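Student: Position one of the sequence shown corresponds to residue 173 (the working numbering), numbered consecutively onward.
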Amino acid sequence: MLPVIIEGVFDLLFGWVGYLATVLPRVSVRWDAVAMFVASLALATVVAHLTFSWFHREFQQRREQSVTRWRWKWTLVLMAGFLLLFAAGISFVGVTHQMSWLATSPEPLVGRGVLLARLNNPSRWHLKFLGTAFDNTLDTYTPEGYYAKLKGDPPQNWILPMLPFLSYRNDETDPELPWNEGRNRDMARRIVPELINHELRNAPVRDADGWGMAHYAGNTHVFDRESPLPKREDYHQSQAMLIGPVNTGFQPWMKPGNTRDPLAPWNTASGFGGPPGRQETTVLLMDGSVKTIPTSVDREVLRALATGGLPTDD
173 MLPVIIEGVF DLLFGWVGYL ATVLPRVSVR WDAVAMFVAS LALATVVAHL
223 TFSWFHREFQ QRREQSVTRW RWKWTLVLMA GFLLLFAAGI SFVGVTHQMS
273 WLATSPEPLV GRGVLLARLN NPSRWHLKFL GTAFDNTLDT YTPEGYYAKL
323 KGDPPQNWIL PMLPFLSYRN DETDPELPWN EGRNRDMARR IVPELINHEL
373 RNAPVRDADG WGMAHYAGNT HVFDRESPLP KREDYHQSQA MLIGPVNTGF
423 QPWMKPGNTR DPLAPWNTAS GFGGPPGRQE TTVLLMDGSV KTIPTSVDRE
473 VLRALATGGL PTDD
């Protein structure tokens, strides 16, 4: 019970820090909307000042008092109070919804410490997020549509169609342009938190040209196929590796071709690999499960990871 209490107190005091660290890299500012908000607020403030001035003057005249001017300071204080009340109302509605969802959720309110699990193996959580995004991508575009995007002109990296399911907007990239041109250039310089392995100490998150790096790569036998798997169910039934971590030879996350062969030597620039010095590596399988593979794994196990259950290209 004590770990649960500790985690609850930690989340209450510092949970917002981790949330901001995850969300802020994904935030893009719409300056046109900001300008519209500022202009609307300024107009509302002027109208409010004129209205308050009129009421103040009329009130004093009716009471036969000496007329004094309504000050801008009073208007600004009232407007700040209105904005604070508006924000408090929105927050209260959000808290009410969250409490309602928690109260009606079929899952228990208290369970295994999520924070402790994330601290022990953050890579496992990143792989789970990527697996969910991949599954949602196939449901949205179908396997044929997904592979058509990867093999298009210009070709796309396997992560690009998944971005909407990682809280990015579709209009932040342009599939008609190469990965390092137009608005794709700005997107490629951003850091995708799900592609950063925090277990790697001092691993670069950008290269010398400023491109955001990926600490994970896809299985070449899955993403470099000439055609998708015959059936949607094949993706859930296969035990082949989908995505795994790498510890050297990092590539820009948006650049096409960020794939490796599980049969290649591990812990090299052509193969997969976990944190240096660790005797195991966590990988994502096509069925959505996350497995820990020892570095001394048998060659036949690697072969199963590479192509196990995958039908050959026609």
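Cβ atoms here follow ideal geometry from the backbone N, Cα and C, with glycine treated the same way. All values derive from a computational prediction rather than experimental measurement.
Taking the C-alpha atoms as reference points, what is the distance between residue 368 and residue 389?
Tutor: Numbered from its first residue, the sequence shown carries residue 368 at position 196. Numbered from its first residue, the sequence shown carries residue 389 at position 217. If you take the alpha carbons of residue 368 and residue 389, they lie about 11 Å apart.
Student: Assuming residue 365 and residue 356 make a contact with CB atoms under 8 Å, what is their CB distance in whole Å?
Tutor: Walking along the sequence shown from the start, residue 365 turns up at place 193. Walking along the sequence shown from the start, residue 356 turns up at place 184. Between residue 356 and residue 365 the Cβ distance is about 19 Å, and since that is not below 8 Å, they are no contact.
Student: Could you give the distance in angstroms between the alpha-carbon of residue 196 and the alpha-carbon of residue 239?
Tutor: Counting from one through the sequence shown, the residue named residue 196 turns up at place 24. Counting from one through the sequence shown, the residue named residue 239 turns up at place 67. When only Cα atoms are considered, residue 196 and residue 239 end up about 50 Å apart.
Student: Of all the CB atoms in chain B, is at least one closer than 8 Å to the CB of residue 221?
Tutor: Given the protein chain composition of this structure (a single chain), no chain B is represented.
Student: List the whole-angstrom C-beta distance separating residue 458 from residue 434, where the pair is believed to meet the contact cut-off of C-beta under 8 Å.
Tutor: Working through the sequence shown from its first residue, we reach residue 458 at position 286. Working through the sequence shown from its first residue, we reach residue 434 at position 262. Wrong, their Cβ atoms sit about 12 Å apart, outside the cutoff.
Student: For residue 390, which three-state DSSP category applies?
Tutor: Taking the sequence shown and counting its residues from 1, the one referred to as residue 390 is at position 218. Looking at residue 390 - three-state DSSP - the assignment turns out to be strand.
Student: CA-CA distance, residue 185 and residue 370?
Tutor: Reading the sequence shown from its first residue, position 13 is the one you call residue 185. Reading the sequence shown from its first residue, position 198 is the one you call residue 370. C-alpha separation (whole angstroms): 22 Å.
Student: Going by the DSSP bridge assignment, what does residue 424 pair with across the sheet?
Tutor: Within the sequence shown, numbered from 1, the residue matching residue 424 stands at position 252. Answer by DSSP bridge pairing, in chain order: 385.
Student: Report the three-state DSSP secondary structure of residue 500 (helix, strand or coil).
Tutor: Because the chain spans 173 through 486 in this model, residue 500 falls outside it and cannot be assessed.
Student: Could you say which of 308, 261, 421 lies nearest to residue 441 if we only look at CA atoms?
Tutor: Sequence index remark: in the sequence shown, residue 441 carries index 269 (1-based). The option with the nearest alpha carbon to residue 441 is 421.
Student: Does DSSP classify residue 416 as helix, strand or coil?
Tutor: Start at 1 with the first residue of the sequence shown, and residue 416 comes out as number 244. In this structure, residue 416 counts as strand in the three-state DSSP scheme.
Student: What is the DSSP secondary structure of residue 296, reduced to helix, strand or coil?
Tutor: Counted from its first residue, the sequence shown places residue 296 at position 124. Residue state, collapsed to three classes: helix.
Student: Would you please state the rounded distance, in angstroms, between the beta carbons of residue 242 and residue 224? I believe it to be under 8 Å.
Tutor: Numbered from 1 along the sequence shown, position 70 holds the residue referred to as residue 242. Numbered from 1 along the sequence shown, position 52 holds the residue referred to as residue 224. With a Cβ gap of about 5 Å, residue 242 and residue 224 count as contacting.
Student: Can you give me the start and stop residues for the alpha helix (DSSP H) that residue 245 sits inside?
Tutor: For the purposes of this step, residue 245 is taken as the residue at position 73 of the sequence shown. Element bounds for residue 245: 244 to 276.
Student: Could you check how far apart the C-beta atoms of residue 359 and residue 344 are, in whole angstroms? I think they sit under 8 Å.
Tutor: For the purposes of this step, residue 359 is taken as residue 187 along the sequence shown, with counting starting at 1. For the purposes of this step, residue 344 is taken as residue 172 along the sequence shown, with counting starting at 1. About 5 Å; that satisfies the 8 Å criterion.
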